[in-house]
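Engineer: Encoded as structure tokens, here's the structure I'll be asking about.
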Amino acid sequence: MKFGIAFGAVVLALAGSLSLSSPQAVASSDEIVAARQASMKAMAAAAKTIAEMFGGKRAYDAASFKAAAEALSARTGPALMAEFPAGTLGAPSGAKAEIDQARPEFEALASHIGELADALAAKAETAPARITGDMRMGAMTSMDGGSLLGKRLKTTQADPAGLPAEHLLHLILQDCSSCHSKFRQKVK
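Structure follows, in structure tokens:
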């Protein structure tokens, strides 16, 4: 939790420095890319923590679940959008320059991930001492169609707050994958 607060302060300081007019006060593109990469790694670690808890690879701990969910919430939505200013895209960064040409699509994805992460953080705020059935994807009663892996949840549900925590995580990861497939390039 302290890391999340400290990192948030660094991001805010960095964002604040970008708005100043003094050339010495403006963060370099390298610094922005490094901060963005650190944020992405923190989000990946938080998502991995939660996924491992639901997958049984890590012991569930309500405080760790809450900290990881809050880390995701703090780094998505507007915070995520702010990490991709023009001039920091393209090589040597992994962020494709196409983000600028498709800024509305990029921001819609970042916003949606933020809504999902906020809903996950709200659920984590009152997380029980153990994983309960209503936290699991199987807790959904609204099913639609099927697949080789079983029934799929309806994707038309508008309010993420009504989804189980495990499903919210899967939707977050799905949106992250969509964003990366469109807007991320391999860095050599």
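For the sequence shown, the working numbering gives the first residue as 1152, with consecutive numbering after it.
C-beta: ideal position from N, C-alpha, C; glycine also.
Given 8 Å as the limit, is there contact between the stretch 1262–1269 and the stretch 1321–1336, that is, 3 or more CB pairs closer than that?
Structural biologist: yes
Engineer: For Ala1270, which of helix, strand or coil comes out of DSSP?
Structural biologist: helix
Engineer: Just confirm the distance between the C-beta atoms of Ala1213 and Ala1280, as a whole number of angstroms; I'd bet it's less than 8 Å.
Structural biologist: 6 Å
Engineer: So, are the CB atoms of Ser1190 and Leu1231 less than 9 Å apart?
Structural biologist: yes
Engineer: Any Cβ of chain C within less than 9 Å of the Cβ of Ala1186?
Structural biologist: The structure shown has no chain C; it contains just one protein chain.
Engineer: According to DSSP, is Ala1246 helix, strand or coil?
Structural biologist: strand
Engineer: Nearest to Gly1284 by CA position, among His1318, Gly1238, Glu1203, is which residue?
Structural biologist: His1318
Engineer: Out of Ala1225, Gly1238, Ala1219, Met1288, state which residue places its alpha-carbon closest to the alpha-carbon of Lys1199.
Structural biologist: Ala1219
Engineer: DSSP state of Cys1330, grouped into three classes?
Structural biologist: helix
Engineer: Taking only three categories from DSSP, how would you classify Thr1292?
Structural biologist: Because the pLDDT at Thr1292 is just 44, under 50, the model does not fix this residue reliably, and the value given afterwards should be weighed accordingly. DSSP places Thr1292 in coil when its eight states are reduced to three.
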